[in-house]
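Numbering (this note's numbering), first residue to last: 1331 to 1621.
From the three backbone atoms N, C-alpha and C, an ideal C-beta is built for every residue, glycine too.
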């Protein structure tokens, strides 16, 4: 539970910064960065580009996945001394697949004020231009790096009736799209946003098979950072699921309990029925051939 902010304490400002085009820095964010005494940045070298020429440079604190835990005490002490702190990620809104959650939580728990300075966010920017349903969406962040784990995660998302948003290093686009095709089907509509707001921006909407071909045919699409948006599952697609075929596929890829859980969710079978079917299939595959 948050405490009441101590009198005279500083504020933690959570500041959104451009995802590419530096002109997207808001006037309010620019004013804050021109005056705040302490900046906690994912990469201090990257964030320094946004500071301009200050008569008195701020104190820069590196706050990334490796340093966040040990910097929290130092930054809370700074707030307690009455100094404001700005939290920045390398690009976009802090905490969205970036460090900072632990600091924000600790700041609330210590009773200090936390305030947003909103602005760019790659997930929302991509959703706004994807031409996919935007009333409800699921932000997944980065998928697992290895194929088996990635397909397993996609399988668990396959029946969600909402737009899926995934961050992808562009170099991995072809592999990720191939996994999406294997799990979601070649006809699932998707949209690619690559290097958004930058000089070589790509926004391309197409069925997954066509989108994969588009990326294979143009090596430039495998450069930089990308966001992939996938249309939600339709009710008629759910009705078309063949429980036995799906069970065979899952039994060959996943542990029985995991396979049964996914099978039950996708088909409407009880978990007990799904587990029994998975075990039967695994038993058939282990049995020696007759003759």
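For the region 1477-1485 against the region 1361-1377, are there 3 or more C-beta pairs whose distance is under 8 Å?
Because the criterion of three Cβ pairs below 8 Å is not met, the region 1477-1485 and the region 1361-1377 do not touch.
From residue 1533 to residue 1539, what does the alpha carbon distance come to, in whole angstroms?
Take the alpha-carbon of residue 1533 and the one of residue 1539: they are about 16 Å apart.
Report, in whole angstroms, the separation of the C-beta atoms of residue 1466 and residue 1492, which I expect to be a contact under 8 Å.
Yes, they are in contact, since the Cβ atoms of residue 1466 and residue 1492 sit about 4 Å apart, within 8 Å.
To the nearest whole angstrom, what separates the beta carbons of residue 1495 and residue 1402, a pair I think is in contact under 8 Å?
At roughly 29 Å, the Cβ-Cβ gap does not stay under 8 Å, so residue 1495 and residue 1402 are not in contact.
Residue 1450 beta carbon less than 9 Å from that of residue 1416:
Contact check for residue 1416 against residue 1450 fails: the beta carbons are separated by 9 Å or more.
Using only CA atoms, which one of 1410, 1365, 1379 lies nearest to residue 1386?
Comparing Cα-Cα distances from residue 1386 to each of 1410, 1365, 1379, the minimum goes to 1365.
Segments of 3+ residues assigned as beta strand (DSSP E) that fall wholly inside the region 1494-1529:
Within the region 1494-1529, the complete beta strand (DSSP E) segments at least 3 residues long are 1519-1524, listed from N- to C-terminus.
With DSSP as the reference, identify every bridge partner of residue 1557, one or two as the case may be.
The beta-bridge partner set that DSSP reports for residue 1557 consists of 1497, 1523.
For residue 1434, three-class secondary structure by DSSP:
Three-state result, residue 1434: helix.
My output table needs one value for residue 1442: the three-state DSSP class, helix, strand or coil.
When secondary structure is reduced to three states using DSSP, residue 1442 falls in the coil class, being assigned neither helix nor strand.
Same chain, Cβ closer than 8 Å to residue 1528, neighbours up to 5 away in sequence not counted
For residue 1528, where only same-chain residues beyond five positions count, the Cβ hits under 8 Å are 1350, 1351, 1554.
Could you check whether the Cβ of residue 1539 sits closer than 8 Å to any heavy atom belonging to the ligand COA?
Absence of the ligand COA is noted for the structure shown, with no ligands found whatsoever.
According to the Cβ coordinates, are residue 1535 and residue 1516 closer than 9 Å?
Contact flag unset, no.
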